[in-house]
Structures are given as C-alpha cells and as structure tokens.
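Numbering follows the numbering used here, with no gaps: position 97 of the sequence shown is 208.
Following: one structure in structure tokens, then a few remarks.
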Amino acid sequence: MSEATLSPTQPIQGLAYQLKVGTQKAHTMAESTSFVTSFLKGIVDRQSYAKLVTNFYYVYSTLEAELTRHQHHPILGKLYYPELWRRDALEQDLAYYYGADWQAKIQPSTACAKYMHHLKQTSEQQPILLIAHAYTRYMGDLSGGQILKKIAKQAMNLTDGQGTAFYDFEEIKNHGEFKKQYRAALDNLDLDPETTAQVVSEANQAFHLNMELFHELEGNWLLTLGKMAWHGIARKFAQPKA
Numbered sequence: 112m113s114e115a116t117l118s119p120t121q122p123i124q125g126l127a128y129q130l131k132v133g134t135q136k137a138h139t140m141a142e143s144t145s146f147v148t149s150f151l152k153g154i155v156d157r158q159s160y161a162k163l164v165t166n167f168y169y170v171y172s173t174l175e176a177e178l179t180r181h182q183h184h185p186i187l188g189k190l191y192y193p194e195l196w197r198r199d200a201l202e203q204d205l206a207y208y209y210g211a212d213w214q215a216k217i218q219p220s221t222a223c224a225k226y227m228h229h230l231k232q233t234s235e236q237q238p239i240l241l242i243a244h245a246y247t248r249y250m251g252d253l254s255g256g257q258i259l260k261k262i263a264k265q266a267m268n269l270t271d272g273q274g275t276a277f278y279d280f281e282e283i284k285n286h287g288e289f290k291k292q293y294r295a296a297l298d299n300l301d302l303d304p305e306t307t308a309q310v311v312s313e314a315n316q317a318f319h320l321n322m323e324l325f326h327e328l329e330g331n332w333l334l335t336l337g338k339m340a341w342h343g344i345a346r347k348f349a350q351p352k353a
C-alpha cells in the first residue's frame, strides 16, 4: 500500500488509522534493512547489538525527557504514559553488556546524535509532533518486542532476564489491551486535518531516523555474516573424510 497523503480538506478517520496507513511504506523499508532482516533470521552480533542498545538508550532518554517536559500540554499531555518508558530498562541492559561502569564506555553514534537533536528541536518548535515519535517507538516495541526478545536470547545464548530488559514492560500486563487504549487516546486527540497530516509526516521521519541507526550497524553485521560463513567452511573441511 502506498504512503497515505493527507490534505487539510480530506476527512480524518482517526489518527491511529492515519498513522498506520500513512507510515506503512516507511515501516516496510525499515523492516527491509539488512540489519533487521538478519536479526529476524537469528543472526545477532553481540557487539553490534550492544551498540544498538546504547543508541536506544540515548534516543529513549531524550524522548522521555521531552515528553515529561510537556506532560501538561493540552494535547500531547494526553499521551503521557510513564509505564512505557524504556530508559531504566536500557540502563539494566547496558550494565549487562558493558559492566557497572557502562556510563564511561558509551557515547551516541553519529546517526543517534542526529536523532537526539531532531527530538530536541521538535520539542522546542512544535512539541505536538512528538506524538509521532512516541507512536513509532512504543507501539512497535509492544507489538514485536516479545518476538525480538526470543530471537536475541537464542542468538546470543542469554539466560532469562539478561540483556533483554528493554523488551519487558513490567507495568503493562496486557499488551493488546494497552495498545487499544493507546490507539483510542490517539483518536480522541483534538487535532485538525493539517496537524494530523504533519504528525503522519513526522512519523515517517521517525522511521527514517531509525533506519539511519540500522544502516550504521550494517558493517558489523556483514562482518558477522562473513565470520559465520568462514566458520561453516572451516568446519566442513575439518570433518574427517569417509
């Protein structure tokens, strides 16, 4: 389905629907990056994954700080759900991958710094567009998080609770019901058609910012694939001949 284009003169069916339809193309593109497709196949490099966790830590910390800053905004404040916050969970994962002194060992990548700057700039200039970033990140986390958690555990031989706290929403017992509640909150926001179109456009920008994070990691991912292929060949030739 092609990306929806909204006009201020067109009727709005609901923001949740407009976001789903209007970002479908960008969503598919993000899922088609080599990083994501390799991840879904169970090809997970621990070092690259730790870098992704690092970047997510900076992105979510920035997003959550800005959402908290605007928690009393007449419209954006209606999407203030601290139970979704990921910063603390990501800190647990960083301590697992980098050790107790993880704060001294990490820094945002170039794409991550760009993402953070965009969030802060959006918060300053048009905070209502943070709706798009909250939707893109948290609804995606709730929808596919458990599948990704299972893949990460199997690929990196993690025991339960180690390095995958990001995917655990301790305060949300029923993901499906919460997503219904969140979509209803989106639909009940008092947005005019022009603002709705801007939110959908910003959601597409959010997907592209995420794609840039993935593209940065693809070099390490390709190296991992090469190592896996080499080890496979080495094992083949190491086998005794009949």
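Ideal Cβ placement from N, Cα and C applies to all residues, glycine included.
Among Leu297, Lys136 and Ala224, which one has its Cα closest to the Cα of Val310? Leu297
Touch test, the region 175-192 against the region 254-271, Cβ-Cβ under 8 Å, three pairs minimum: no
Please state the DSSP three-state secondary structure of Asp63. Absent from the model: residue 63. The displayed extent of the chain is 112 to 353, so no value can be given.
Exposure of Asp199, with buried meaning 16 or more beta-carbon neighbours within 10 Å: exposed
Check whether the region 264-283 touches the region 241-248, counting contact only when three or more Cβ pairs, one atom from each stretch, lie closer than 8 Å. no
Exposed or buried, Asn268, counting other C-beta atoms within 10 Å across all chains shown (16 or more means buried)? exposed
Return helix, strand or coil for His229, following the three-state DSSP convention. helix
In or out: Thr270 buried (at least 16 other Cβ within 10 Å) or exposed? exposed
Output needed for Ala222: all residues of its chain with C-beta closer than 6 Å, excluding positions within five of it in sequence on either side, in chain order. Glu323, Leu324 and Glu327
Run the CB neighbour count on Lys291, radius 10 Å, all protein chains shown included, and call it buried at 16 or more, exposed below. exposed
Validate contact between the region 167-186 and the region 211-227 using beta carbons, cut 8 Å, 3 pairs: yes
If you run the structure through DSSP and keep just helix, strand and coil, what is Lys189? helix
Taking just the CA atoms, how far does Tyr192 sit from Leu320? 23 Å
Cβ of Leu178 within 8 Å of Cβ of Ala245? yes
Does the count of Cβ pairs from the region 139-153 and the region 199-215 closer than 8 Å reach three? no
Under three-state DSSP, which class holds Trp213? helix
Pick from Ser143, Thr134 and Thr165 that is closest to Pro219, judged by C-alpha positions: Thr165
Nearest candidate by alpha-carbon position, reference Thr139, set Thr247, Thr306, Phe277 and Gln214: Thr247
Under 8 Å between the Cβ atoms of Phe318 and Thr134? yes
Compute the distance between the beta-carbons of Glu282 and Ser145, then report whether it is under 8 Å. no
So, is Asn315 buried or exposed, given that buried needs 16 or more other C-beta atoms within 10 angstroms? buried
In whole angstroms, what is the alpha-carbon distance linking Gln129 and Val155? 33 Å
Buried or exposed (CB count within 10 angstroms, at least 16 for buried), Gly287: exposed
Is Lys152 helix, strand or coil when you go by DSSP? coil
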